[in-house]
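Encoded as structure tokens, the structure appears first; notes follow it.
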Amino acid sequence: MSPASTGASTTVDAAAHVPVPAIPSTDSRMTPGGPGYRRMSFALFLAGVATFALLYSTQALLPLISGDFGVTASDASWTVAAATGGLALFVLPMSALSERFGRRTVMTASLAVAVTLGLLVPFAPSLGALVVLRGLQGAALAGLPASAQAYLAEEVRPRALVTAIGLFVAGNSVGGMSGRVITGWVAQEWGWRVAVGVVGVIAVVCAVAFRLLLPAPRHFSAGSLRPRVLARTVRDHLADPLLRRLYAIGALFMTVFGGVYTVIGYRLTEAPFSLPQGIIGSVFLVYLVGTVSASTAGRLVGRVGRRGALYLAGATTAAGLLVSLLDSVVPVLLGLVLITAGFFAGHAVASSAVSRTAVHGRAQASALYQSAYYVGSSAGSTVGAVAFHAQGWAGTVGVGLLAVLGVVTITLLGSRAARAAARREPVPA
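For the sequence shown, the numbering used here assigns the number 180 to the initial residue and increments by one for each residue that follows.
Below you can see the structure in the form of structure tokens.
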């Protein structure tokens with residue numbers, strides 16, 4: 180049919196095929212390959228290294244601490260639980276300070292206090308004093324996780340957010356690994372006090388480099404410190420079903436991880452393994468697997484979706500727990516690899532989903548996630564040690580499997596809620 184018969188203009192028809200020039204984006208936030216992105220990523224990577232190296236500096240040394248102070252595994256585990264508990268308790272107040280004074284300012288101050296305390300920890304005269312110092316150190320570190328995620332949510336474009344947070348989480352894994360490996364070998368020669376002192380010095384270097392490298396925020400708007408405003412923001416986040424599910428998932432994943440890595444040193448010092456402290460510290464090289472799984476979480480979500488990624492992370496973690504039951508070094512190492520890969524992938528997916536879900540008060544949203552996450556760590560460290568004392572490694576694995584079952588159940592409930600919401604949406608006319 181000709182254009183004349185339809186009333187269409189040949190001029191308009193031809194113009195429809197003329198390519199329209201692309202409109203440049205007005206979004207000035209950072210993106211991979213763009214200005215400042217690499218400096219920002221490396222700075223936050225170093226912050227993650229310092230945070231996890233300090234937070235878990237005593238975990239690989241628990242058998243030595245038990246021997247030095249003459250206490251049980253469950254008593255010594257409080258040097259880990261106090262640090263993670265202090266972080267969980269103070270992460271929300273510290274996030275409120277970051278809303279008022281800025282993310283970079285709070286992160287810098289937090290690292291400065293934490294590394295100072297880290298240099299005092301080696302001189303603790305008793306287990307009680309050590310636990311107190313570790314609790315204060317955890318409270319100081321509380322300014323890092325939530326502020327870092329809020330900084331990324333404000334300064335990085337949404338499509339790059341999972342990858343950016345994954346790199347920060349990867350820094351956590353490198354810090355956790357290097358702290359444990361270094362302390363293991365140093366402690367074998369010079370004792371646990373020198374070992375935690377070395378970690379403190381490394382953290383000082385990371386803190387200085389972080390402050391020099393991190394770009395000044397360009398999209399931060401100062402908020403209010405009024406308790407009523409903070410309470411309303413927290414109430415809004417806790418009223419969101421998706422955020423509640425993500426908080427629970429983070430806590431349960433960390434329950435597994437905290438329990439396994441608090442107890443694994445005790446298991447490997449006993450028969451049939453009887454490994455020296457340096458070799459036990461080297462076992463934590465499996466954290467490198469977590470570095471990879473966290474940094475690739477964005478691609479995994481792109482392929483199977485957020486809930487699919489959480490299912491895979493849970494299944495991988497459960498498989499690792501079961502394999503680790505075998506009384507041979509190779510299966511135990513394989514089990515730790517699977518547990519670590521599953522945990523870091525699940526953590527990166529859940530934490531990035533919190534940042535994308537919260538439309539206001541991002542620091543508080545991330546703080547609530549971090550609080551739940553580190554409550555899970557404290558619970559895992561304590562309950563995992565008690566279970567190990569009562570039932571051996573099988574008891575710790577049982578605690579972990581129950582936590583993974585909780586992750587899967589919550590994710591299934593989220594899938595059902597999403598399908599129900601989709602059915603309720605009106606069909607366009």
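Quick reminder that beta carbons are idealized off the backbone N, C-alpha and C, glycines included.
Since this is a predicted model, take the numbers as computed values, not measurements.
Taking 7 angstroms as the cut-off, the Cβ atoms of Val-259 and Ser-560 count as close.
By the CB criterion at 7 angstroms, Ser-550 and Ala-329 fall outside the cutoff. Val-365 and Ala-427 have their C-alpha atoms spaced approximately 37 angstroms apart.
The C-beta distance from Arg-208 to His-398 rounds to 6 angstroms, short enough to fall under 8 angstroms. Residue Val-413 holds the alpha-carbon nearest to the alpha-carbon of Arg-541 among Gly-246, Trp-572 and Val-413. Bounds of the alpha helix (DSSP H) holding Arg-482 are 476 to 502. Scanning Thr-210, Ser-289, Val-378 and Val-292 for the CA closest to the CA of Tyr-235 turns up Val-378. Taking Cys-385 as the centre and dropping the five residues before and after it, the same chain places the C-beta of Leu-225, Val-228 and Ala-229 closer than 6 angstroms to its C-beta, in chain order. A contact is defined here as three or more CB-CB pairs under 8 angstroms, and the segment 300 to 312 fails this definition with respect to the segment 280 to 289.
With a 10 Å radius around the Cβ and a threshold of 16 neighbouring Cβ atoms, Thr-496 comes out buried. Proximity to Ala-529 across Thr-342, Gly-322 and Thr-251 peaks at Thr-342, based on C-alpha coordinates.
Within the segment 357 to 420, not a single complete beta strand (DSSP E) segment reaches 3 residues in length. Distances from the alpha-carbon of Gly-521 to those of Ser-253, Ala-532, Thr-362 and Thr-470 put Thr-470 closest. Between Val-292 and Ala-319, the C-beta gap is smaller than 7 angstroms, which places the two residues in contact. Straight-line spacing of the CA atoms in Ala-222 and Leu-391 works out to 8 angstroms.
In the structure shown, Val-250 adopts coil according to DSSP, grouped into three states. If you look at Phe-280, you'll find it in the alpha helix (DSSP H) that goes 257 to 280. Look at Val-335 here: in three-state DSSP terms it is strand. Just so you know, the alpha carbons of Glu-333 and Gln-543 end up roughly 13 angstroms apart.
Out of Leu-591, Pro-214, Ser-277 and Trp-572, the CA that lies nearest to the CA of Tyr-440 is found in Trp-572.
By the criterion of a C-beta distance shorter than 8 angstroms, Val-387 is surrounded by no residue of its chain, once the five residues flanking it on both sides are discounted. Distance from the CA of Val-408 to the CA of Ser-274, rounded to the nearest whole angstrom, comes to 13 angstroms.
For the options Gly-322, Leu-454, Pro-420 and Leu-340, the alpha carbon positioned closest to that of Gly-481 is the one of Leu-340.
One alpha carbon belongs to Gly-363, the other to Arg-338, and they sit about 39 angstroms apart.
Sorting Arg-405, Val-502 and Gly-376 by C-alpha distance to the C-alpha of Arg-279 places Arg-405 at the top. Thr-210 is positioned such that its CB atom lies no closer than 7 angstroms to that of Ser-556. Contact annotation: Gly-444 and Ala-239 have beta-carbon atoms nearer than 7 angstroms. With a cutoff of 7 angstroms on beta-carbon distance, Ser-253 and Ala-564 are scored as near each other.
Inclusion of Ala-492 and Ala-524 in the CB contact set at 7 angstroms is warranted, their separation being smaller than that value.
Taken through DSSP and simplified to helix, strand or coil, Thr-237 comes out as coil. If you look at Leu-584, you'll find it in the alpha helix (DSSP H) that goes 572 to 603. Rounded to whole angstroms, the gap between the alpha carbons of Leu-591 and Ala-410 is 30 angstroms. With 16 or more neighbouring CB atoms inside 10 Å of its own CB, Gln-456 falls in the buried class.
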